[in-house]
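Residue numbers (our numbering): 270 to 821.
Put into structure tokens, the structure is as follows:
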């Protein structure tokens, strides 16, 4: 496993805080822990200082702990999901090693740590990275319990199941249960094999000790918690009747093409790997196939779909793919690995060419891998590959070939990602809001439009923002529950905003797309533009700042 550590750490941790918190989900989930620390309220999460009870608090607690240790920053926000992704790679290795397939486990860890979607999810403040770790660890322990009957594995699984429930709710209990019981049914297991899951009192006690306290405390604090959290967020979201509707749908086959994106480029091997595992039908192969199939069917049947949901099945996909790669290595069939390496080596070179513009002094560059501007990084990259190659050579020349290909993929993915997001202002409002801190005033900030579309504004403002609502249907769904607890001036309509702007100095954030419509409704109330990104503009009615802008 030591061979893989440099590659995995590079992919998940390098440059983790070098770009702004992204709008939409990351802006929400990075801000909630900050408010948790500010309010010193660790029971009810808050968003824009309003109750937000859509999700359990484990991710928020861990990110808040990271903030407490390292300070509030992009790095400390993303550190938790990045470490969770690294831990998931470790789970794949551990499961393979415990089943007598150490090399397969090692290859699976490297497959995940050099895959485009898995790296991207691990570097973003999403629930899925932590949920993938908890469910994968739970299912690994459950498989070992089914194989050996060791109750310690069962109790460890219940710890991970409880942590999963505290991450994203009871889906973390339902999905592993479906996998295990499907496995037992398909193997015609007698009833006594089911009994321990319901009768092992220490395991059940551990689970309840972790899960029950927060749910009870939240229910006592929020009268609507039981309905909103258990019914609306779990059942209604699955069947498509959640209120408000804030999710996307899709056809039954929605996730089939996406299977090939989660672990790209290695996922091109997945169909052959599934067929091979189906023929072999070892206990682990059967368990992995049921694991992947159960997750695929469940998410396909759900009315609520998102690109990243099925990434929670990364471990079974990676172990299945790794089984085929190990067989190639044992049979000295290196041509397929060479093809994958050539494909992504070309992508790496193309990425460097497209990055020449972002190497300019006035451009945003997320990862310093530009040929012209930072040649030392290329030398570091080559030394890094050589070191991995020499380590692997001592173990196996075939393994060296795989490591070199994997080592090339990590920097390639980061380079392509850099080329795709070389302009931070298209994805984050950091450049729009952070200059306000240097102005020396604390005028109230208003946001007109859908909050989620520019959610990073709140993270960088570090204070409550007022929402101007009721135009173009841009009503925030994430603030819908908390809105009923808001003071009258926290959510205001266009007429009230116009009246406020005529008597109060303020800042206003508008989305670029809807700015003309909003400004047409406002009329002439003395607003001037003092900043903009590709997604939003910042305006004020401060006469001194408007005069300064006019002089420039």
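Ideal Cβ placement from N, Cα and C applies to all residues, glycine included.
Given a threshold of 16 other Cβ atoms within 10 Å of its Cβ, counted over all protein chains shown, does residue 817 qualify as buried or as exposed? exposed
On the premise that residue 524 lies in contact with residue 583, defined as a C-beta separation below 8 Å, what is that separation, rounded to the nearest angstrom? In fact, because the Cβ distance is near 13 Å, the residues do not count as touching under 8 Å.
Please work out which residues of its chain come closer than 8 Å, Cβ to Cβ, to residue 396, disregarding the five sequence neighbours upstream and downstream, and give them in chain order. 298, 324, 328, 436 and 437
Kindly give me the distance between the Cβ atoms of residue 317 and residue 727, rounded to whole angstroms, as I take these residues to be in contact under 8 Å. 6 Å
So is residue 750 buried or exposed if we call it buried at 16+ other beta carbons inside 10 Å? Taking all protein chains in view, the Cβ of residue 750 is crowded by 16 or more other Cβ atoms within 10 Å, so the residue is classified as buried.
What number of angstroms, rounded off, separates the C-alpha of residue 529 from the C-alpha of residue 380? Their Cα atoms are separated by approximately 13 Å.
Which listed residue (712, 768 and 453) has its alpha carbon closest to that of residue 416: 453
Using the C-alpha atoms, what's the distance from residue 450 back to residue 212? What is shown of the chain runs 270 to 821, which leaves residue 212 out entirely.
If we count the other Cβ atoms within 10 Å of its Cβ and call it buried at 16 or more, is residue 586 buried or exposed? buried
Which whole-angstrom value is the C-beta distance of residue 357 and residue 402, which I expect to be below 8 Å? 5 Å
Can you say whether residue 493 is buried or exposed, counting buried as having 16 or more other CB atoms within 10 angstroms of its CB? exposed
Residue 524 - containing alpha helix (DSSP H), residue span: 524 to 531
So is residue 321 buried or exposed if we call it buried at 16+ other beta carbons inside 10 Å? When all chains shown are included, residue 321 counts as buried.
From the DSSP output, which residues share a beta bridge with residue 800? 807
Considering residue 588, what are the terminal residues of the alpha helix (DSSP H) in which it resides? 583 to 599
Beta-carbon spacing of residue 296, residue 342 below 8 Å: no
Just reading off the beta strand (DSSP E) that residue 736 is part of, what are its end residues? 735 to 737
Does the pairing of the region 762 to 781 with the region 730 to 738 give three or more beta-carbon distances under 8 Å? yes
Span of the alpha helix (DSSP H) around residue 700: 699 to 702
Helix, strand or coil: which one does DSSP assign to residue 295? Residue 295: helix per DSSP, three-state reduction.
Nonlocal neighbours in the same chain, by C-beta distance under 7 Å from residue 405, ignoring five residues either side: 357, 360 and 584
Three-pair Cβ contact test at 8 Å for the region 304 to 316 versus the region 407 to 421: Contact between the region 304 to 316 and the region 407 to 421 is absent, because fewer than three Cβ pairs lie under 8 Å.
Can you find the residues in the same chain that come closer than 7 Å, C-beta to C-beta, to residue 546, ignoring five residues on each side of it along the sequence? 554, 557, 558, 589 and 592
Buried or exposed, going by whether 16 or more other CB atoms sit within 10 Å of the CB of residue 707? exposed
Nearest candidate by alpha-carbon position, reference residue 469, set 424, 505, 488 and 479: Among 424, 505, 488 and 479, the Cα nearest to that of residue 469 is on 424.
According to DSSP, is residue 320 helix, strand or coil? strand
What's the C-alpha gap between residue 804 and residue 373? 45 Å
Nearest-angstrom Cα separation, counted from residue 773 out to residue 790: Cα to Cα, residue 790 sits roughly 18 Å from residue 773.
Could you give the distance in angstroms between the alpha-carbon of residue 754 and the alpha-carbon of residue 368? 53 Å
Leaving out five residues on either side along the sequence, give the residues of the same chain with a beta carbon under 7 Å from the beta carbon of residue 400. Excluding residues within five positions, the ones whose Cβ falls inside 7 Å are 433, 436, 437, 441 and 581.
Does the region 455 to 466 come within contact of the region 499 to 515, defined as at least 3 CB pairs closer than 8 Å? Touching, no.
Inter-residue Cα distance where the pair is residue 700 and residue 599: 52 Å
What did DSSP end up calling residue 813 once you bin it into helix, strand or coil? helix
Simplified DSSP state of residue 732, which is helix, strand or coil: Of the three classes helix, strand and coil, the one that applies to residue 732 here is coil, per DSSP.
DSSP-derived helix/strand/coil call for residue 761: strand
Inter-stretch contact (C-beta, 8 Å, three-pair minimum) for the region 710 to 722 and the region 778 to 785: yes
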